[in-house]
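Letter 224 of the sequence shown, counting from 1, is numbered 224 in my numbering, and no numbers are missing. Every residue, glycine too, gets a C-beta built ideally from N, C-alpha and C. Only a predicted model underlies this, so the values are computations on that prediction, with no experimental measurement involved. Working notes for the structure below.
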Amino acid sequence: MASHLLKAGYPLHLFNRSPEKAKALVEQGAIWHSSPKELAAHCDVIITIIGYPKDVEEVYLGVDGILAGAKPNCIAIDMTTSSPALAVRIAQLAREHQVFVLDAPVSGGDIGARDARLSIMVGGEPSAYECVLPIFQCMGNNIALLGPAGSGQHAKLCNQIVIASTIMGVCEGIRYAQAAGLDALAVLKVIGSGAAGGTQLNVQGPRMIKGDFAPGFMAEHFVKDIGLAIESAEQMGLHLPGLEQAKQLYQLMLDDGMARDGYHALYQLYLANKV
1 MASHLLKAGY PLHLFNRSPE KAKALVEQGA IWHSSPKELA AHCDVIITII
51 GYPKDVEEVY LGVDGILAGA KPNCIAIDMT TSSPALAVRI AQLAREHQVF
101 VLDAPVSGGD IGARDARLSI MVGGEPSAYE CVLPIFQCMG NNIALLGPAG
151 SGQHAKLCNQ IVIASTIMGV CEGIRYAQAA GLDALAVLKV IGSGAAGGTQ
201 LNVQGPRMIK GDFAPGFMAE HFVKDIGLAI ESAEQMGLHL PGLEQAKQLY
251 QLMLDDGMAR DGYHALYQLY LANKV
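This is how it looks when you write it as structure tokens:
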């Protein structure tokens with residue numbers, strides 16, 4: 001994602017908690033900074049994509065965080081999948097510093113990031129969104145402002161809710177085909193062009209059958225997202241029984257040592273009759 005901004009001609013400033021991960025971009029001309037606070041003082045637009053909500057809170061609100069160093073009227077964009085409530089709180093605190101914060105999580109995995117074909121779900125001020133839309137267009141091809149602060153996070157959690165149950169269905173469909181003595185790849189090819197078709201069936205299904213569980217998105221992060229969705233649903237008085245069941249199965253992946261496999265490695269639990 002950062003390399004697309006460099007290729008588009010934007011001057012790029014970097015901070016990463018693991019400096020070695022930024023080495024290639026620095027060699028391409030990016031400027032390294034020692035903290036989010038230092039970086040923020042040099043930038044009109046700041047983009048973050050981290051791991052967990054506690055990390056987002058630290059990077060934005062900590063002593064060496066973005067709001068401690070940000071210039072008035074700058075725009076910060078958090079592309080982490082995080083808590084909607086936290087997104088609202090950070091956006092509100094940012095306005096006290098004359099800073100705009102958009103929550104803009106993404107979907108599309110490593111392939112979408114590489115090919116600049118991410119879906120980007122945005123929450124926040126329309127004026128700030130319009131200012132940074134050209135930046136979003138460097139990284140994605142399906143971009144939408146969905147409402148005020150927190151809306152992008154809510155939309156991303158909708159995405160994860162759908163994926164969680166869909167992958168379970170793909171696993172069970174494949175195992176059913178195999179139990180019936182069918183060529184599972186041939187079955188996927190046929191049903192993938194019908195009503196059951198979609199990214200999870202058409203892309204992850206064949207990978208499951210071939211034993212390719214390399215992570216486009218790691219299981220441990222997916223479990224984090226499911227937990228956020230359940231927590232947010234509870235705050236709204238909403239019960240999601242399918243998602244709660246899915247979380248139990250994905251948690252089994254972590255318990256079985258598959259935390260850093262792709263989330264579609266859930267199929268291995270079905271193969272081993274552990275579900």
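Residue of the options minimising C-alpha distance to residue i
i: I49; options: G227, Y10, G173 and Q153; result: Q153
i: L238; options: Y270, G211 and C158; result: C158
i: N202; options: Y10, I163, N141 and Q235; result: I163
i: A22; options: G9, E57 and S3; result: S3
i: R260; options: A219, I226 and A85; result: A219
i: Y267; options: G194, D212 and A87; result: D212
i: G173; options: I209, N141, Y10 and L146; result: I209
i: Q28; options: L185, D55 and G9; result: G9
i: E96; options: L145, H264, V190 and L61; result: L61
i: R89; options: A70, L118, K71 and V56; result: V56
i: C171; options: A70, I31 and L271; result: L271
Residue-level contact to chain C via CB, residue i, 8 Å cutoff
i: A180; result: This model lacks chain C altogether, as it is built from one protein chain only.
Per-residue DSSP class, three states only, for residue i
i: A68; result: helix
i: H4; result: helix
i: G262; result: strand
i: V203; result: helix
i: G51; result: coil
i: L12; result: coil
i: F299; result: Since the first residue shown for the chain is 1 and the last is 275, residue 299 is missing from the structure and cannot be characterised.
i: S18; result: coil
i: G257; result: coil
i: V45; result: strand
i: D78; result: strand
Own chain residues within Cβ distance below 6 Å of residue i, not counting five before or after
i: L289; result: With the chain running from 1 to 275 in the structure shown, residue 289 is simply not present.
i: M1; result: A113 and M139
i: A68; result: K37
i: D110; result: G216
i: A42; result: The question names Ala, but residue 42 is His in the sequence shown. Cβ within range, chain order: H13.
i: A116; result: H4 and M139
i: P84; result: G150, Q153, H154 and S232
i: G242; result: S165
i: S35; result: D64
i: I120; result: A104, V106, F136, G140 and I143
i: L6; result: L12 and Q28
Inter-residue CB distance, residue i and residue j (contact presumed, cutoff 8 Å)
i: V223; j: Q200; result: No, V223 and Q200 are not in contact; Cβ-Cβ is about 17 Å, not under 8 Å.
i: S165; j: A246; result: 6 Å
i: G51; j: E58; result: With 8 Å as the limit, G51 and E58 do not qualify as a contact, their Cβ atoms being about 11 Å apart.
i: L228; j: L249; result: 17 Å between Cβ atoms; not a contact.
i: V187; j: A177; result: 4 Å
i: S107; j: K156; result: 7 Å
i: I161; j: Q204; result: Not quite, the Cβ-Cβ distance comes to about 16 Å (not below 8 Å), so this is no contact.
i: P53; j: S82; result: 5 Å
i: P206; j: L185; result: 6 Å
Cβ neighbours of residue i in the same chain (closer than 7 Å, five flanking residues each side left out)
i: N73; result: Q98
i: I47; result: I77 and M79
i: E244; result: I230
i: G147; result: G123
Cβ shell of residue i (< 8 Å), same chain only, five flanking positions each side left out
i: Q92; result: A149
i: I75; result: D44, V45, I46, V99, F100, V101, L102, A128, C131 and V132
Any chance you could list the beta strand (DSSP E) runs of at least 3 consecutive residues sitting entirely within the segment 129 to 199, in chain order?
140 to 145
Which runs of the alpha helix (DSSP H) at least 4 residues long sit entirely within the segment 82 to 134? Give them in chain order.
84 to 96 and 109 to 114
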